[in-house]
Structures are given as C-alpha cells and as structure tokens.
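Top to bottom, those sequences are chains W and U.
So in this note's numbering, the last spot in the first sequence is 275, and the numbers never skip.
So in this note's numbering, the last spot in the second sequence is 267, and the numbers never skip.
C-beta: ideal position from N, C-alpha, C; glycine also.
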Amino acid sequence: MSQLLARGTGMPVGPTPSFIRWIATRDHTLFWRLLSLALFCGAWEVAGQIPVNYALPPFSQTFMAFVGMLADGSLLSAYATTLQPLVIGIVISAVIGVAVGVLMGLRPLAEWLAAPVFIVMQAAPMAALIPLITFVYGIGMTSKVLAVTVLALPVIVLNCYKAVRNVNPSLVAMCRSFQGTRWQQVAKIVIPDASPLIFAGLRLGISAGFIGIVLAELLITPTGIGDLITYHRSVANYAEMYATIASIIVFSAVTVGGLQRLEVSLFRPEKREIA
Amino acid sequence: MQAVLPRAWETPVPAKPDNIVEVRGLSKFYGSFEALKEIDLDFPRGELISLLGPSGCGKTTLLKMIAGLLQPTAGQVLVKGKPVTGPGPERAFVFQDFALMPWATVIRNVAFGLELRGMPKAQRHEIARRYIAEVGLAGFEERYPHELSGGMRQRVGLARALAVDADVLLMDEPFSAVDEQTRRKFQEDLLSLRRVQRKTFIFVTHSIEEAVYVSDRIVLLSRRPGRVSRIIEPDIPRDGTPDEIRRDRRYLDTIEDIWDGLKRFVD
Ligand SMILES: Nc1ncnc2c1ncn2[C@@H]1O[C@H](COP(=O)(O)OP(=O)(O)OP(=O)(O)O)[C@@H](O)[C@H]1O
Ligand SMILES: [Mg+2]
C-alpha cells in the first residue's frame, strides 16, 4: 500500500493521458449504456454466426429484417393495432390505480376494502385469466384492454398504497403545524413525497401492460405485434420474428425510461442534476 | 375525568396575568404507558423557556401537545387564554429533524407556511427572502435542502417558523444535529433573535449548559412518568461577552445545581 502511494506521488507531473482526463471529467452514463448495448449486439452476432441454434439469426440479419419491415410498413401497422388497446388499458389502470392506491393509503376504510383484493391479484398469476377473459368478452378490443388492465392495475395500486403509507410523518406534522388543510396536505406533501414510488409503480404497471398485450395477442387473436410474431414463426422467418420481439422490448424500455424523465421534471426538480 | 389536585412537588408558579401559554393538568398516555403526568406550567409572554430533562421524559410529547399536534389524554393547554384543539397561527414549530421538503427550494420551504395560508407568491417570497437573510442564508434561496449542511437546514426550518410571524416559537432540540461550534453560534443567534423579536420561545434541549446559557426560565422534567420536578430562573448576567458569561460564577453554579438535581434520574 505504502509502496503504491510512494509510486503514485513519484509520478512525473506531465499532461495526463487524454483518456484518463476524459474518464474523470464527464458524465458517461450514455457512453456506458451504448457500450453495454454494443457488447450485447456483438455477442448476439457471434452466437448467430456459429450458430448456437438454427432458429437464432445473427444480429446483423435481424437488423436488416427490422429495416425491411419498417420499409414495407408491416411493423408500423402492427404497432398501430397493438398500441390502441395497450394505451387504453394503461391509461385506465393508471387513473384508477393511482386514485384507488392513494385512497387506500389515506383512508382505513378503503384500505380494508381494497387491499386484500389487490394483494391477491398481484400474487396470483393473472396471465392465467386471459383465456377466461376471452371466453367471457370474446376476442375484441374489450378483452385486450382487460388483459392489459388485469396485469397492470394491481402493481400500480399496491405501489401507490405503499408510497402513501411511507410518506415522511414529520413532513405531514409540519404541514399540520402550519395549519395546512387535509387537501393541502395531500396535494403539497403526500403526493410529491410519494411520487418516486408512485412512478415506480407506474413503470412496473406499464411493463406489466406490455406483457398483457403481447400475451393477449398471442393467446386471444393474432393481431398486431402478436400476429407478426406468430406469422413469421410459422413461415420460419426467424430474423423477422426476432426483429419484432426485439422492437417491442426496446419500445417498452424506452417508454418506461421516458416516464422516469417525466416524473423528475414534474415532481422532483431537486433530482434533475442527478438523473 | 378526574379533578386535578395540586401536587406538593410542583413548584407553585405565581399566576401572572401575561402568560401566553398555560398548561393545565396535562397528562399523556401512549396506550398504557404514561408518558406525562399532570403537568401544570405557565409560559410568560416574551420569555425564553427551556424544557430540560433526561431522554424519554416526554419533552417532545409536551411540546407537541402545546403545538396541537398531539391530543392530551387529560388536561388542556391554553394559548392566550383559549384552549388548544389543534395547531394555530399563534404557534410555529421548529422540528428536530428539520422537516424540510426535499423537492422544494429553500425559498419555497421558508415560504411554505404562508403558501398554505394562500398568500400570493410575490408577497410570500418577499417575506421569505427577508427571513432567509435574517438567519444568514442570503444567496441560498434557490438551493435544495440536500445541498445544505445540517446547520443550514436547521436555519431554513427556523426561518420558516419565523416567516409566519407567530407569537410562540416551539423548538424541539433545534441545535442537536450540529457541531459544538455551530451550536454556540446558534445560541448567540437565538439570544439576539430574542432581543429583536418580541416572541416567546419554548425550547427543548437536553444540554444543561445550553439551557442555562439561553433561558429566562428552565423547566426540569423527571422521568417515568414525566413530571415537572423543578423550575429554575437562572440569574445570569447578560451583558458580558459569551466567554465571560460561561466563566461567570452564577452560570457555573446554576449548571452544578441542575446537574445535582438531575443525577437522581440518571440510572
Ligand atoms: N408514538 C408513541 N407511541 C408510544 N410511545 C411513545 C410514542 N412517542 C413517545 N413515546 C414514549 O413516550 C416517552 C416520551 O417520549 P418523548 O419523545 O416525548 O421523549 P423526549 O423527552 O422528547 O426524549 P428525547 O430527549 O430522547 O427526545 C418515551 O418513553 C417514548 O418511548
Ligand atoms: Mg424529543
């Protein structure tokens, strides 16, 4: 250790290598993200070239398939079909989920009534309900919206509930001591203090919604993305199939990431420099 | 509710007409745990009164009941002669853990009491700016609490309490989270604040030196259940420099006196 230190101090004080200076100065989140992405794509390419599995096309081929599907419009029209029930389902889950969750955190009666239902819903494999939903509501829009809601709602509700329950009691006492009304307490203290967990719940809810919609499209009726995946699998267009799957994963990740930005800019300005 | 009988061990306080806060037969149970038992106290207007006692003797409990943040099990608190049913504009609380909103800037935190009253932004920010300057934080208006030191955060909490212009400031160990040097600086600030503002300060501490140094009156609480064991009015010269005061015979004797009394409760 002392040797190391001695060597450290004995180093000639010259211009530091530019790479080290670069490492030390800037925020490299983006760089590291791109690097890990590049590594992943590289590994995929190698695995596809070997090939590990006859059904695994290399990354380059998948990417070309993606470009092709963008060009012929099949991907866009599939997304248009898929997004409609997804957006409706998520908006419904978010509005109801946040309202119910916050209410459960604030009012013991609501907590008593609703908490057991949602705890069971979250613990149960709700995806198993999708065939039942189809049975009851047919294969139309209603079923798909329900499939999204059934998966997204419990996470959103329970996270909001926990968020409100974990609000800093000292801030609530502070608001009371300055004669804040109950309404001011909720709007100015509870919601902002709970917002990180509420948004975490929304992010999880959106991911669950994506799972719901893809399951619905695979299980109920092949439409949109689900149709694209099913179709390309059936005709052994593995590159197209992987391109579709990868695109929905990336799309979901980007949506969830965008929500995080929205949260920081809306409720937590103090985290703006950190995020 | 049983009648409150005067107790022999409570030092009778002569009834002054100008007691801004009066505590009458106040008791507090947490479940079956008796935290405070039949407290009778008067807080004269314009004085700085310390509540001093061992940890867990119920100082915070008493202060929160005066603030109206906690309901007493028995007895009542009168502020300006009116029974307390909840928090009110004539009292402002300084929290031990600062209780600052991490998502709000210093100026919004300081103006928060006024914001809750519905005062327009320009007006409340003007007032907040004045108090931010008064506690020595000018230039930090747009910072966030996480960018401040503990001492600075406590000043924000103090400025917030001052900004609503309450008559009584309730302070729960406001200086416990800062180092000794800052603490002494704060004590001087508190004394000068007291000279310029005609306010009543009720101040919780468990530092005997601090209580003797800043208070007009010290209420000593005993433990299990919390009771008033003594009321002391330190007779300390206030005209010397801080160092002279801290070396003054009467100052040191008062500390010794309180320490002797408290030893009985430290087991
Ligand atoms: N919410 C509560 N529920 C149950 N017991 C409590 C509660 N709050 C306080 N107590 C108990 O009441 C007693 C007095 O607590 P209090 O916080 O008023 O003490 P304190 O004098 O402020 O102590 P400290 O100097 O450590 O801050 C303690 O023994 C504590 O355990
Ligand atoms: Mg305390």
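Problem set entry | is_contact[residue 241 of chain W, chain U] using C-beta, thresh 9 Å | If you number the first sequence from 1, residue 241 of chain W lands on position 241. False, the Cβ-Cβ gap to chain U never drops below 9 Å.
Problem set entry | Proximal residues, the region 237 to 261 of chain U versus chain W, C-beta separation under 8 Å | Along the region 237 to 261 of chain U, there is no position whose C-beta sits under 8 Å from a C-beta of chain W.
For this session: Compute every distance between the C-beta of residue 170 of chain W and the non-hydrogen atoms of ligand 1, then say whether any falls below 8 Å.
Result: Locating residue 170 of chain W in the first sequence gives position 170, where the first residue counts as 1. Residue 170 of chain W: no, Cβ never under 8 Å from ligand 1.
Exercise. Taking Cβ-Cβ distances shorter than 7 Å, what residues in chain W pair up with residue 97 of chain U?
Worked result: The residue given as residue 97 of chain U occupies position 97 in the second sequence. Chain order gives the chain W residues near residue 97 of chain U as 170, where near means a beta carbon separation below 7 Å.
Exercise. If the cut is a Cβ gap below 7 Å, which residues of chain W does residue 164 of chain U touch?
Worked result: One-based indexing of the second sequence puts residue 164 of chain U at position 164. Within 7 Å Cβ-Cβ: 178.
For this session: Tell me whether residue 138 of chain U is buried or exposed, calling it buried when 16 or more other Cβ atoms sit within 10 Å of its Cβ.
Result: Reading the second sequence from its first residue, position 138 is the one you call residue 138 of chain U. Exposed is the call here.
Exercise. To the nearest angstrom, how far is it from the Cα of residue 47 of chain U to the Cα of residue 191 of chain U?
Worked result: Within the second sequence, the letter at position 47 stands for residue 47 of chain U. Within the second sequence, the letter at position 191 stands for residue 191 of chain U. A direct Cα-to-Cα measurement between residue 47 of chain U and residue 191 of chain U gives close to 11 Å.
Exercise. From the beta carbon of residue 121 of chain U, is the nearest beta carbon of chain W less than 9 Å away?
Worked result: Translated into the one-based positions of the second sequence, residue 121 of chain U becomes position 121. Residue 121 of chain U does not count as touching chain W.
Exercise. Between residue 98 of chain U and residue 154 of chain U, which are expected to be in contact by the criterion C-beta below 8 Å, what is the C-beta distance as a whole number of angstroms?
Worked result: The sequence position of residue 98 of chain U within the second sequence is 98, counting from 1. The sequence position of residue 154 of chain U within the second sequence is 154, counting from 1. Going by Cβ atoms, the distance from residue 98 of chain U to residue 154 of chain U rounds to 6 Å, so yes, they are a contact pair.
Problem set entry | Under 7 Å from the C-beta of residue 270 of chain W: neighbouring residues of chain U | Residue 270 of chain W sits at position 270 when you count from the first residue of the first sequence. Contact note: residue 270 of chain W reaches chain U through 102, 103, 144, 146, using a C-beta cutoff of 7 Å and chain order.
For this session: Taking C-beta pairs closer than 7 Å, name the residues in chain W that residue 67 of chain U reaches, listed in chain order.
Result: Walking along the second sequence from the start, residue 67 of chain U turns up at place 67. What residue 67 of chain U touches in chain W: 177.
Exercise. Contact between the region 84 to 93 of chain U and the region 172 to 184 of chain W: three or more CB pairs below 8 Å?
Worked result: Touching, per the Cβ criterion.
For this session: Taking only beta-carbon positions, decide if residue 61 of chain W is within less than 9 Å of chain U.
Result: One-based indexing of the first sequence puts residue 61 of chain W at position 61. No - not a single Cβ of chain U is within 9 Å of the one on residue 61 of chain W.
For this session: Return the CA-CA distance between residue 231 of chain U and residue 217 of chain U, expressed in angstroms with no decimal places.
Result: Looking up residue 231 of chain U in the second sequence gives position 231. Looking up residue 217 of chain U in the second sequence gives position 217. Roughly 7 Å between the two C-alpha positions.
Exercise. Is the beta carbon of residue 51 of chain U less than 9 Å from the beta carbon of residue 62 of chain U?
Worked result: Here residue 51 of chain U is taken as the residue at index 51 of the second sequence, counted from 1. Here residue 62 of chain U is taken as the residue at index 62 of the second sequence, counted from 1. Contact: yes.
Problem set entry | Rounded C-alpha distance that separates residue 116 of chain W from residue 177 of chain U | Position 116 of the first sequence holds residue 116 of chain W. Position 177 of the second sequence holds residue 177 of chain U. Their Cα atoms are separated by approximately 42 Å.
Problem set entry | Beta-carbon gap between residue 162 of chain U and residue 187 of chain U smaller than 9 Å | Counted from its first residue, the second sequence places residue 162 of chain U at position 162. Counted from its first residue, the second sequence places residue 187 of chain U at position 187. No, the Cβ-Cβ distance between residue 162 of chain U and residue 187 of chain U is not below 9 Å.
Exercise. Residue 267 of chain W touches chain U at which residues, Cβ-Cβ below 7 Å?
Worked result: Counting from 1 along the first sequence, the entry for residue 267 of chain W is found at position 267. Going along chain U in sequence order, the residues near residue 267 of chain W (Cβ under 7 Å) are 103.
Exercise. Can you list every residue whose CB sits closer than 7 Å to some heavy atom of ligand 2, going in chain order?
Worked result: Any heavy atom of ligand 2 within less than 7 Å of a residue's beta carbon puts that residue on the list, which reads U:59, U:60, U:96, U:172, U:173, U:204.
For this session: Report whether the distance from the Cβ of residue 199 of chain W to the nearest heavy atom of ligand 1 is below 8 Å.
Result: Here residue 199 of chain W corresponds to residue number 199 of the first sequence, with the count starting at 1. Not a single heavy atom of ligand 1 lies less than 8 Å from the C-beta of residue 199 of chain W.
Exercise. What separation, rounded to the nearest whole angstrom, lies between the Cα atoms of residue 5 of chain W and residue 270 of chain W?
Worked result: Position 5 of the first sequence, counted from the first residue, corresponds to residue 5 of chain W. Position 270 of the first sequence, counted from the first residue, corresponds to residue 270 of chain W. In this prediction, residue 5 of chain W has a pLDDT of 41, which is less than 50 and means its spatial position is unreliable; what the coordinates show is noted afterwards. Here the alpha carbon of residue 5 of chain W sits roughly 38 Å from the alpha carbon of residue 270 of chain W.
Exercise. Going along the chain, which residues of its own chain have a beta-carbon closer than 7 Å to the beta-carbon of residue 81 of chain W, five neighbours each way excluded?
Worked result: By 1-based counting over the first sequence, the position of residue 81 of chain W is 81. Answer for residue 81 of chain W: 223, 224, listed in chain order.
Exercise. At what residues does the beta strand (DSSP E) containing residue 169 of chain U begin and finish?
Worked result: Sequence index remark: in the second sequence, residue 169 of chain U carries index 169 (1-based). Run containing residue 169 of chain U: 168 to 172, per the beta strand (DSSP E) assignment.
For this session: Given a cut-off of 9 Å, decide if residue 134 of chain W and residue 211 of chain W are closer than it, judged by their beta-carbon atoms.
Result: What you label residue 211 of chain W is simply residue 211 of the first sequence in a count that begins at 1. What you label residue 134 of chain W is simply residue 134 of the first sequence in a count that begins at 1. No; because the gap between Cβ atoms is not below 9 Å, this pair is not in contact.
Problem set entry | Interface residues of chain W facing residue 112 of chain U [CB-CB closer than 9 Å] | Here residue 112 of chain U corresponds to residue number 112 of the second sequence, with the count starting at 1. Under the 9 Å cutoff, chain W gives 174, 175, 178, 180, 188.
For this session: Would you kindly report the start and end of the unbroken alpha helix (DSSP H) that includes residue 131 of chain W?
Result: The count along the first sequence starts at 1 and reaches residue 131 of chain W at position 131. First-last of the alpha helix (DSSP H) with residue 131 of chain W: 130 to 137.
Exercise. Residue 185 of chain U lies in the alpha helix (DSSP H); which residues open and close that run?
Worked result: The count along the second sequence starts at 1 and reaches residue 185 of chain U at position 185. Unbroken alpha helix (DSSP H) run through residue 185 of chain U: 180 to 196.
For this session: Could you name the residues that DSSP lists as bridge partners for residue 226 of chain U?
Result: Within the second sequence, numbered from 1, the residue matching residue 226 of chain U stands at position 226. In DSSP, residue 226 of chain U forms a bridge with U:36.
Problem set entry | C-alpha gap between residue 250 of chain U and residue 171 of chain W, whole angstroms | Residue mapping note: residue 250 of chain U aligns to position 250 of the second sequence, counting from 1. Residue mapping note: residue 171 of chain W aligns to position 171 of the first sequence, counting from 1. Straight-line Cα distance between these residues: approximately 41 Å.
For this session: Could you pull out every residue in the same chain whose Cβ sits closer than 7 Å to the Cβ of residue 18 of chain U, ignoring the five residues on either side in sequence?
Result: Within the second sequence, numbered from 1, the residue matching residue 18 of chain U stands at position 18. In the same chain as residue 18 of chain U, and ignoring 5 residues on each side of it, the C-beta atoms closer than 7 Å to its own belong to 44, 45, in chain order.
Exercise. Cβ of residue 38 of chain W within 9 Å of Cβ of residue 94 of chain W?
Worked result: Here residue 38 of chain W is taken as the residue at index 38 of the first sequence, counted from 1. Here residue 94 of chain W is taken as the residue at index 94 of the first sequence, counted from 1. No, these two residues do not count as a Cβ contact at 9 Å.
Exercise. Which residue from U:252, U:78, U:141 puts its Cα closest to that of residue 168 of chain U?
Worked result: Taking the first residue of the second sequence as 1, we reach residue 168 of chain U at position 168. Out of U:252, U:78, U:141, U:78 has the C-alpha closest to the C-alpha of residue 168 of chain U.
For this session: Would you mind stating whether residue 36 of chain U and residue 65 of chain U have Cβ atoms separated by less than 9 Å?
Result: Here residue 36 of chain U is taken as the residue at index 36 of the second sequence, counted from 1. Here residue 65 of chain U is taken as the residue at index 65 of the second sequence, counted from 1. Yes. Within cutoff.
Exercise. Using a C-beta cutoff of 9 Å, does residue 93 of chain U count as contacting chain W?
Worked result: By 1-based counting over the second sequence, the position of residue 93 of chain U is 93. It does; some Cβ of chain W falls within 9 Å.
Exercise. Does ligand 1 have a heavy atom nearer than 8 Å to the CB of residue 74 of chain U?
Worked result: The residue you call residue 74 of chain U lines up with position 74 of the second sequence. It does not: the Cβ of residue 74 of chain U is nowhere closer than 8 Å to a heavy atom of ligand 1.
Problem set entry | Neighbour list for residue 184 of chain W in chain U, Cβ cutoff strictly below 9 Å | Start at 1 with the first residue of the first sequence, and residue 184 of chain W comes out as number 184. Around residue 184 of chain W, the beta-carbon contacts reaching into chain U at under 9 Å are 115, 116.
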